[in-house]
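Here the structure comes first, spelled out in C-alpha cells, and everything after it is commentary.
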Amino acid sequence: MLNKLFKHEMKANARFLLPLYLILFVLSLINRVIIGLDIFDGALAIIPRFSIFAYIVSIIAVIVVTFIIMIMRFYKNLLSDEGYLMFTLTVESHQLIISKLLTAAIWIVSSVLAVFASLLLVFANPDSISEIWYQIRLGLTELDVIFKGRTTLLFIELAILAIFGLIHNILMIYLAIAIGHLFNGHKLLGSFVAYVGISMVMQTIISVLAAIVGSIFRESVTNVLSLPNFIFPIGIFTILILIVLYFFATNYIFRNKLNLE
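Just add 842 to wherever you are in the sequence shown, counting from 1, and you've got my numbering.
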C-alpha cells in the first residue's frame, strides 16, 4: 500500500512541477542563445534583459512552488475534507506520513538539481567547466591534506547531514501543521505559531547542548580535524533524534488527536 501511495503522490506532484521544469529549461536555452549572439544593442537591449528576468522568475517559481506543493499536499490530503477519505483507506497513518515525506524530499532535491542544471546550461562553457573541475580537484587535494586522508568520510557525513537535515525540516513543517489542526479554529495560524514555537524551542535546546559539549570537549570542538570524527557524528545523531521525535509526534496526533476540518 505504501508503494501505491508513493506512486500516487509522485504523479500528483509531477503534474505541477514537470511543466515548470520544462519552462525553466526552455528559458535556459533561450538565454544561452541570446548570451551567445551578443547582438542586441540600442532598443533591442531590452530583449536579453527581459529574457534574463523571465529566467530568474522561473527559478524562483520552481523553488517556491515546490515548497508550496509540499505543504499543500500534506494539508489538503490529510487534514482538510480529503482527509476523511484518506483515513478511511486500509493504510496506517505512518504510511501516509512516509509517502508524503519521501515524495516531498525527492521533489525538493529534483528542483534544486533542475535549477543547478539550468544554470550550467545558461552560463557554462568548455573553458569554465575545465576551470571549475580543476578548482574542485585542487580543493579536494587540499582537504585530503588537512583531514589526513579522511576526506571521503567527511563527504559521506556531509551527505548524511544534508539528507537528514532535509527530512528534519520537512517533518518539522508536518508536525507544526498537525499541531495547528488540534485547534478548533484558526488552524493555519495555529500551524504557523506551532512552527515558530518548535523552531525556537529546538534552537534553544541545541544551543544549550552545543555549549555543554563545547565546554566538556573544548579541544575537540576547536580542532578542525574533529569534524569527521566528532562534530559531524554528533550533529547526525542529534538530527536523527529530532527526526524520530517529529515523526512519532505527528503520527500520534493522527492516530489519537485527529481534528479534520
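Here a beta-carbon is modelled for each residue, glycine too, at the ideal position from N, C-alpha and C.
- When secondary structure is reduced to three states using DSSP, ASP880 falls in the coil class, being assigned neither helix nor strand.
- Rounded to whole angstroms, the gap between the alpha carbons of PHE867 and GLY1027 is 43 Å.
- Of the other Cβ atoms in all chains shown, 16 or more fall within 10 Å of the Cβ of MET1014; this residue is therefore buried.
- By the criterion of a C-beta distance shorter than 7 Å, ASN1093 is surrounded in its chain by SER935, HIS936 and ILE939, once the five residues flanking it on both sides are discounted.
- CA-CA distance, ALA1018 to PHE1034, rounds to 7 Å.
- If you compare the alpha carbons of THR1080, MET912, LEU862 and ILE1021 with that of LEU1003, the shortest gap goes to THR1080.
- Out of VAL907, SER941 and SER893, the CA that lies nearest to the CA of PHE916 is found in SER941.
- DSSP places VAL933 in the coil class of the three-state scheme, outside both helix and strand.
- If you draw a straight line from the Cα of VAL906 to the Cα of ILE1009, it is about 18 Å long.
- Put simply, the backbone Cα of LYS1099 is about 12 Å away from that of LEU921.
- LYS853 sits in a helix when the DSSP states are folded into three classes.
- In this structure, the beta-carbon distance from LEU859 to ILE911 falls below 8 Å.
- Per DSSP, the continuous alpha helix (DSSP H) segment holding LYS918 begins and ends at 888–921.
- With respect to the 8 Å criterion, ARG874 and LEU963 are classified as neighbours on the basis of their beta carbons.
- Assigned with DSSP and collapsed to three states, ALA966 falls in coil, not helix or strand.
- Here SER960 is buried, its C-beta having at least 16 other C-beta atoms within 10 Å.
- Distance from LYS1029 to GLY1022 at the Cβ level is roughly 5 Å; contact confirmed, criterion being Cβ atoms closer than 8 Å.
- Residue state for PHE989 is assigned as coil, using DSSP reduced to three classes.
- At the C-beta level, LEU862 and VAL899 stay beyond 8 Å of one another.
- For the pair VAL954 and ILE1085, the Cα-to-Cα distance works out to about 22 Å.
- Scanning PHE1006, VAL933, MET1042 and TYR1037 for the CA closest to the CA of ALA947 turns up PHE1006.
- Leaving aside the five residues that flank LEU1082 on each side, the residues in its chain whose CB is nearer than 7 Å to its CB run, in chain order, PHE1006.
- Counted as a single uninterrupted DSSP element, the alpha helix (DSSP H) harbouring ASN1098 occupies residues 1074–1098.
- Beta-carbon to beta-carbon, PHE1074 and GLU999 are separated by about 4 Å, close enough to satisfy the 8 Å threshold.
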